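Visitor:
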Amino acid sequence: MNAALLIDASYFIAAFLFIYGLKRMSSPLTARSGIVVAGAGMVLAVLASFLYTLDVSPAARPQLTTNLVLAVIALALGLGWAWRSGKKVAMTEMPQMVALYNGMGGGAAAAIAAIELIGYKTHGSVSLTLAVLGGVIGAVSLSGSLIAWAKLDGRINSTLRFSGLQAVNGSLLLLLLALGAYIVWHSGQVAMPVFAVFFALALLYGVMMTMPIGGADMPVVISLYNAFTGLAVGFEGYVLNNPALMIAGMVVGSAGSLLTLLMAKAMNRSVANVLFSNFGAASDDAQGEISGSQKPIDAADAGINMHYATKVIIAPGYGLAVAQAQHKLYELVKLLQDAGVEVKFAIHPVAGRMPGHMNVLLAEAGVPYDIIYDMEDINDEFKEADVAIVIGANDTVNPAARTNKSSPIYGMPVLNVDLAKQVYVVKRGQGKGYSGVENALFYADNTQMVYGDAQKVMVAMIQAIKSLGGGH
1 MNAALLIDAS YFIAAFLFIY GLKRMSSPLT ARSGIVVAGA GMVLAVLASF
51 LYTLDVSPAA RPQLTTNLVL AVIALALGLG WAWRSGKKVA MTEMPQMVAL
101 YNGMGGGAAA AIAAIELIGY KTHGSVSLTL AVLGGVIGAV SLSGSLIAWA
151 KLDGRINSTL RFSGLQAVNG SLLLLLLALG AYIVWHSGQV AMPVFAVFFA
201 LALLYGVMMT MPIGGADMPV VISLYNAFTG LAVGFEGYVL NNPALMIAGM
251 VVGSAGSLLT LLMAKAMNRS VANVLFSNFG AASDDAQGEI SGSQKPIDAA
301 DAGINMHYAT KVIIAPGYGL AVAQAQHKLY ELVKLLQDAG VEVKFAIHPV
351 AGRMPGHMNV LLAEAGVPYD IIYDMEDIND EFKEADVAIV IGANDTVNPA
401 ARTNKSSPIY GMPVLNVDLA KQVYVVKRGQ GKGYSGVENA LFYADNTQMV
451 YGDAQKVMVA MIQAIKSLGG GH
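Per the UniProt record's numbering, residue 1 is the first one in the sequence shown, and the count goes up by one each step.
1. Quick one: what's residue 267 bridged to in DSSP?
2. What does a CB cutoff of less than 6 Å around residue 327 pick up in its chain, not counting 5 residues either side in sequence?
3. With C-beta atoms as the reference, is residue 461 less than 8 Å away from residue 300?
4. For residue 233, name the three-state secondary structure that DSSP assigns.
5. Tell me, to the nearest whole angstrom, how far the beta carbon of residue 375 is from that of residue 347; I am working on the premise that it is less than 8 Å.
6. Between the Cα of residue 295 and the Cα atoms of 401, 349, 451 and 145, which residue gives the shortest distance?
7. For the beta strand (DSSP E) holding residue 312, just list the boundary residues, first then last.
8. Does the structure place the segment 87-98 close enough to the segment 137-155 that three or more beta carbon pairs sit under 8 Å?
9. Would you kindly work out how many angstroms separate the C-alpha atoms of residue 198 and residue 106, rounded to a whole number?
10. For a test of your reading of the model: does the CB of residue 105 fall under 7 Å from any non-hydrogen atom of the ligand FAD? Yes or no.
11. Among residues of its own chain, excluding the 5 on either side of residue 230, which ones have a beta-carbon nearer than 6 Å to its beta-carbon?
12. Quick check: what's the CA-CA separation for residue 307 versus residue 463?
13. Near residue 468, which residues of its chain fall below 7 Å by C-beta distance, leaving aside the five closest residues on each side in sequence?
14. Quick one: what does DSSP say residue 422 is sitting in, helix, strand or coil?
15. Name the two residues that bound the continuous alpha helix (DSSP H) containing residue 98.
16. Which term fits residue 454, buried or exposed, when burial requires 16 or more other beta carbons within 10 angstroms of its beta carbon?
17. Contact between the segment 345-361 and the segment 259-275: three or more CB pairs below 8 Å?
18. Determine the extent of the beta strand (DSSP E) in which residue 500 is found, giving its start and end residues.
19. How is residue 349 classed by DSSP in three states: helix, strand or coil?
20. Assuming residue 213 contacts residue 207 (C-beta within less than 8 Å), just tell me the rounded distance between them.
21. For residue 361 and residue 244, I'd like the C-alpha separation in whole angstroms.
22. For the beta strand (DSSP E) containing residue 390, list its first residue and its last residue.
23. Which class does residue 9 belong to by DSSP, given the choice of helix, strand or coil?
24. Which runs of the beta strand (DSSP E) spanning at least 3 residues fall entirely within the segment 173-230, listed in chain order?
25. Per the DSSP calculation, residue 427 is bridged to which residue(s)?
26. Going by CA-CA distance only, name the one from 356, 48, 16 and 272 that's closest to residue 5.
27. Can you check whether the CB of residue 146 is closer than 8 Å to the CB of residue 135?
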């Protein structure tokens, strides 16, 4: 078998593994094996790329040796860093890691575009156009993902907004597209400063596009940049005539685009609204006055009341991850089930700081998949629940989204926890949600606040139930 045929066969198998792995990732039951399968495909694709060295002429072998050494060093550094950070990262920091790794993918696509364009290696208007588009999208994904990472990690705690911001960003985008068209028009034969300005503007646009976006929209933003990275990789795969890159890029791009649209729909907003609105900077004046007061209750009393309930629905949020309370929560759930209580979990599509964050968190604690429900499958059951307990969630359970037209989140689908007979909200203090919007649920007549760290609250509830002994 010659090298070309072996490379094509390897890429075909790698592409199959990518697609099959993604298919298995669609279910929590098979997601872990799906990741392994897709990872095996990536390893095969990387190894296949080294087979190109078999067709190199003797005259080019000195340069090839240098490139191989650099490639091996880069792989070793990347693998070492990824292995160490992957083992070390806490579940609360998983969204940051996803944003960072996604940015690296976009940066890699932009680097490929830069090499192809600056080295005048791209020929034909289609390949040149795709190289330019891949470079723009990859660079935007790189800088935008880094800003998203910094916001999620608390390194950037502000948003950049000023009068005329959209006009500035629009002008920046037009200038970027004009430079790209100029490069294509001149068949890539332009001066080095033009390329430098082109990529610098792309990086700047990623920053300017992401800085105004509020923290509550970060799950959608991460998903969007994931789609951007896939699209950029797919374009550069075409430029390099690399089937594995094309297929992987298209799969990631299409999956990321679909997820972005689904998440935006779950918030009852368009992607454009996410990118260009001020949702993350809502003020108290914008939503009107909230009547009532927050009514505290001791964790032990709340636990005992749940023990005597018939049906309990749990709505988890990012605060659960911050407190690393998922294991204690599941211990509480098992105690309630032993007492004959029906317990279910309700997951909002944008709960946490990235898509699927809560599902991963609960799976890590061993929570069975058959008691975890998506919002649309369980929302009608809240009115039948004796108790709904909210743990570290805020914006996703705010009833103002249904009832208060003056609220900045009006129209966003939320979990109907307020319809339960009794609601307990586990929260550190009286602060607002990530969006900055005050939550009307906390002031409702049927709501009581359990203040404290979620893990400590779970421990207190567990001890209170154990002290009762027996069932109902």
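Ideal Cβ placement from N, Cα and C applies to all residues, glycine included. Predicted model only: the values in this text are computed from it and were never measured.
Guide: This is what the structure holds:
1. Answer is none; residue 267 lacks a bridge partner.
2. 365
3. yes
4. helix
5. 7 Å
6. 451
7. 311-316
8. yes
9. 16 Å
10. Within the structure as shown, the ligand FAD is missing, as the structure has no ligands at all.
11. 249, 252, 253 and 256
12. 12 Å
13. 304 and 307
14. strand
15. 94-118
16. buried
17. yes
18. As displayed, the chain neither begins before 1 nor continues past 472, which places residue 500 out of reach and without an answer.
19. coil
20. Contact doesn't hold; Cβ gap of about 11 Å is too wide.
21. 32 Å
22. 387-391
23. helix
24. none
25. 451
26. 48
27. no
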